[in-house]
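In the UniProt record's numbering, the protein residues as written are 1 to 326. Positions of the beta carbon are idealized from the N, C-alpha and C atoms, including for glycine.
Pasting the structure below:
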């Protein structure tokens, strides 16, 4: 499995549990503080590597300590990181005070994220990859207009499957028009329910997904947190239920879902089986702190999926909670 990830790479600092921010100079004792490689390209790259893929990752970071640590975290997890260091700019970073119920308000500085250029990408690596994943085109600035349409077309011409996910919680409806040249060469689009409602201005998820297909996208997979996911292509509109699990932190659930889904595709699984593998990976992430928590390797993820599929028939247990929004 050869995957190239392009886009948002973020240095995350997470603390848990944070019920409230102390006033003034107050102090709050936490159970855990963790730093991770995150973002819809970086977090997905880490999860993919843990699941056995050979991953090359491209994005823009700053020439600062956060950038050096971010590169180290990617490398330690087996990602061939080829991040472009932009002198004088800061590395994209987020502080995440994780609430006891797993919700994750964020304090974010985008830094050099929108500084990525065509010269920062190894186009030969894209041609040789099984999958090209674009993470966060809504946050990449001019790259999404000037480079991304060519990159997706190049990938398709070389037989590389293309996937895409958004970064921002609330995506502007202008993104549909901004990325119009990209849609026909986007094989799989994986927004969450808030994102697809925002860009299409359509409340009904099936209609929203079909609207994106009408713009040229091949298949739309909408993640819906504890409500599972919705898979829509030309032949079907199928709901995939979520596993019910004890939630620690929902950060990176979508990245985990995308990684599991991509690995399923690379293993020649059908569309729905790939979505179920994505669901399992997402559920594992939600049970720990940080965007890569819970995922160890592919065998254990497949084992979790096999063991817990029967649980979907028994949704009346009272000691478990739905996975948060992917």
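Boundaries of the beta strand (DSSP E) around residue 237: 237–240. Residue 83 and residue 227 have their C-alpha atoms some 35 angstroms from each other. At the C-beta level, residue 36 and residue 12 come within 8 angstroms of one another. For residue 12, the enclosing beta strand (DSSP E) starts and ends at 10–16. Here the alpha carbons of residue 264 and residue 277 stand approximately 6 angstroms from one another.
In the DSSP assignment, residue 180 falls within the unbroken alpha helix (DSSP H) covering 180–183. Each of 50, 179 and 134 was checked against the Cα of residue 167, and the nearest Cα belongs to 134. Counting only unbroken stretches of 3 or more residues, the beta strand (DSSP E) elements lying wholly within the region 218–292 are 219–223, 229–232 and 237–240, in sequence order. Between residue 155 and residue 126, the alpha-carbon positions lie close to 6 angstroms from each other.
Taking the CA atoms as reference points, residue 33 sits about 7 angstroms from residue 16. For residue 2, DSSP records a beta bridge to 54. In this chain, the beta strand (DSSP E) harbouring residue 32 covers 32–38. Selection 158, 243 and 74 evaluated against residue 224 yields 243 as nearest (Cα-Cα). When DSSP states are grouped into helix, strand and coil, residue 135 belongs to the strand group.
Taking a cut-off of 8 angstroms on C-beta distances, the region 103–116 does not touch the region 267–285, as fewer than three cross pairs fall below it.
In this structure, residue 86 lies near residue 62, with their beta-carbon atoms less than 8 angstroms apart. In the three-state DSSP reduction, residue 19 falls in the coil class, being neither helix nor strand. Annotated three-state conformation of residue 102 is coil, per DSSP.
Residue 255 counts as buried, since at least 16 other C-beta atoms from the protein chains shown sit within 10 angstroms of its C-beta.
Residue burial is scored here from C-beta neighbours: residue 201 has fewer than 16 other C-beta atoms within 10 angstroms and is therefore classed as exposed.
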